[in-house]
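Here's the structure, in structure tokens; my notes come after.
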Amino acid sequence: MFVTSAYAQTAPAAPNTPAAPAGEVHTETGVAHGGEHKGAFPPLDSTYFASQLLWLIISFGLFYLLMKKVIVPRVGGILEHRHDRIAQDLDEAARLKAEADAAVETYEKELAAARSKGHKIAETAREAAKTKAVADRAAIEAELTEKLAAAEVRIGEIKAKAFAEVGQIAEETATAIVDQLIGAKASGDDIKAAVAAAKTEA
Amino acid sequence: MANDPIHQFQISKIVPIEIGGIDFSFTNASLFMVATVACAAGFLYFSTSQRSVVPGRAQSVAEMSYEFIANMLREGAGSHGMKFFPLVFSLFMFVLTANLLGMFPYFFTVTSQIIVTFALALLVVGTVIVYGFYKHGLHFLKLFVPSGVPGALLPLVVAIEVISFLSRPISLSVRLFANMLAGHITLKVFAGFVGSLGALGALGIGGAILPLIMTVALTGLEFLVAFLQAYVFAVLTCMYLNDAVHPGGH
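See the structure below:
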């Protein structure tokens, strides 16, 4: 239906040719058809099959050769090169990352070492200060004990001396009291003994 | 004859050549075969001449078509089929470029000639047969004997397989040929309506809008068909080559 309607479109074109009778137009198209494709449907017309085959073989053959010899190896090479390059870059990146990781590890190790070293130093210093303080305290305490002992000794001496003097005073006082009370002189030895007894009692 | 939808398929001699009584003239069909090859080869050659690691637009297109066909062939025929890559790539690029060139107004569509598509299909099937017998000898005939078929059905199945194998070059060529032919005729008919309706005056111009829209839509569709048929041709080529590489099933 399309074909017939489209053929119909050719009809209005015919009157444009000056004073051409319908018959002449028909012969013209007839000649054209006869010369070109003998009225056959052109894609199925065998007139030019040999020519088409020959030129297809020539052109497609050349195309195939060019593809096989130049284009395919070239594009394949480009893709392979890119693939290798990417793999290489990835390897390089992995290597650099490993290096960076190692550097971070070293840094952390060193940091930890420095920290522990600092700790140790602080510890030693604290320890030393502590020991020194202890030693100082001990020395001072010893000194103080010594001084205390010396003071006690002195106190003891003074006390003893005082006691001794107390005895003498007591004897004198007792002699005087006895003297006053009984009007007789007690013997020194008795008084001494009495005082000594009183002293031990006290 | 401007509106004759068949006229676009008319072959005319450019340089008459006759050898041994057979007409080998350089025709408009020959011209467009050469143009197809020149366009496809020129594009692929110059777009990849830089060999850049980071491809430009043209190189990307060339690489994409390469990888497109390479993946298709690898999936269709396995890694053993990759030796046919130049053939499948050439066929795909040739058919695609011929189809796309045919989309230009007044250009001849090489793939709308049955002899051209039939020759290409014969090339494919011929390659399958020659390589199949060369590589597998008579084992290639296992292709027609599917495994696991009961003995009684075997003759019938083998007959069906042989017929389907023999019909491959016909279906492969007619599919491409008929698609291109029908598409171009339809396009031409609708475009012809625009012109003839437009000549009828104001009402005709209003009525011509419809076929104009159709023509625009069909042009888009034809670009799709141009690609799709090249794709289908390449996919079927891969499938047929698979039979040559692995005749005893997959």
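These protein sequences, in sequence, are chains A and B.
Just so we're aligned: 28 in the numbering used here is position 28 of the first sequence, and the numbers increase by one with no gaps anywhere.
Each number in the numbering used here comes from the position in the second sequence (counting from 1) with 202 added on.
Where a beta carbon is used, it is the ideal one built from N, C-alpha and C, also for glycine.
Check, Outcome
"Beta-carbon gap between B/Val290 and B/Met274 smaller than 9 Å", "yes"
"Segments assigned alpha helix (DSSP H), at least 4 residues, entirely inside the stretch 271–337 of chain B", "287–303"
"Boundaries (first-last residue) of the beta strand (DSSP E) holding B/Lys215", "Lys215 to Val217"
"The stretch 41–52 of chain A: positions lying closer than 9 Å to chain B by Cβ", "Phe41, Pro42, Pro43, Leu44, Asp45, Ser46, Thr47, Tyr48, Phe49, Ala50, Ser51 and Gln52"
"Runs of beta strand (DSSP E) lying entirely within the stretch 208–260 of chain B, each at least 3 residues, in chain order", "215–217"
"Interface partners of A/His81 on chain B, CB under 9 Å", "Arg253 and Val255"
"Run of the alpha helix (DSSP H) containing A/Asp190, from where it starts to where it stops", "Gly188 to Glu201"
"Closer than 7 Å at the beta carbon, the chain A residues around B/Ile224", "Ala50"
"Min CB distance A/Leu90 to chain B below 9 Å", "no"
"Chain A contact residues for B/Thr250, given Cβ-Cβ distances below 8 Å", "Ile71, Arg74, Val75 and Ile78"
"Neighbourhood of B/Phe379 by C-beta distance below 6 Å, restricted to the same chain and skipping five residues each side", "Ile316 and Thr319"
"Spatially closest choice to B/Phe429 from B/Gly385, B/Pro413, B/Thr417 and B/Phe395, by CA coordinates", "B/Gly385"
"Euclidean distance between Cα positions of A/Val72 and B/Arg370", "27 Å"
"Exposed unless 16 or more other CB atoms sit within 10 angstroms - verdict on B/Pro288", "buried"
"Residue range of the alpha helix (DSSP H) that includes A/Lys120", "Val72 to Ile182"
"Proximity test, Cβ basis, 9 Å: A/Lys68 and chain B", "yes"
"Three-state secondary structure assigned by DSSP to B/Pro449", "coil"
"Nearest-angstrom Cβ-Cβ length linking B/Ala436 and B/Leu293, presumed shorter than 8 Å", "6 Å"
"Burial state of B/Gln252 (16 or more Cβ within 10 Å)", "exposed"
"Span of the alpha helix (DSSP H) around A/Ala40", "Segment: none, A/Ala40 is in no alpha helix (DSSP H) and carries neither H nor E."
"Inter-residue spacing [alpha-carbon to alpha-carbon] between B/Pro348 and B/Leu340", "15 Å"
"Counted within 10 angstroms of its Cβ, other Cβ atoms place B/Ala446 as buried (16 or more) or exposed", "buried"
"Buried or exposed by the 16-neighbour rule on C-beta atoms within 10 Å, applied to B/Thr439", "buried"
"Own chain, CB closer than 8 Å to B/Val312, minus 5 neighbours either side, in chain order", "Ala231, Phe234, Met235, Thr238, Ala300, Leu303, Gly304 and Val318"
"A/Tyr107: contacting residues in chain B (beta-carbon distance under 9 Å)", "Here the premise fails: no neighbours, minimum Cβ distance about 36 Å."
"8 Å CB neighbourhood of A/Tyr7 in its chain, flanking five on each side removed", "The pLDDT assigned to A/Tyr7 is 44, lower than 50, so where the model puts this residue is not dependable; a value taken from the coordinates is nonetheless given after this. Result list for A/Tyr7: empty, nothing under 8 Å."
"DSSP three-state assignment for B/Ser398, whether helix, strand or coil", "helix"
"Min CB distance B/Ser314 to chain A below 9 Å", "yes"
"Residue span of the alpha helix (DSSP H) that contains B/Gly350, given as start and end", "First-last for B/Gly350: undefined, no H or E at that position."
"Separation of B/Ala243 from B/Ile365, as counted between CA atoms", "37 Å"
"Proximity below 9 Å, CB of B/Ala321 to CB of A/Gln52", "yes"
"Cβ neighbour criterion (16 or more within 10 Å) applied to B/Gln212", "buried"
"Contact with chain A by B/Tyr268, beta-carbon distance below 9 Å", "yes"
"Selection of the stretch 112–139 of chain A by Cβ proximity to chain B, strictly under 8 Å", "none"
"Nearest-angstrom Cα separation, counted from B/Ser227 out to B/Gly450", "45 Å"
"Min CB distance A/Leu96 to chain B below 9 Å", "no"
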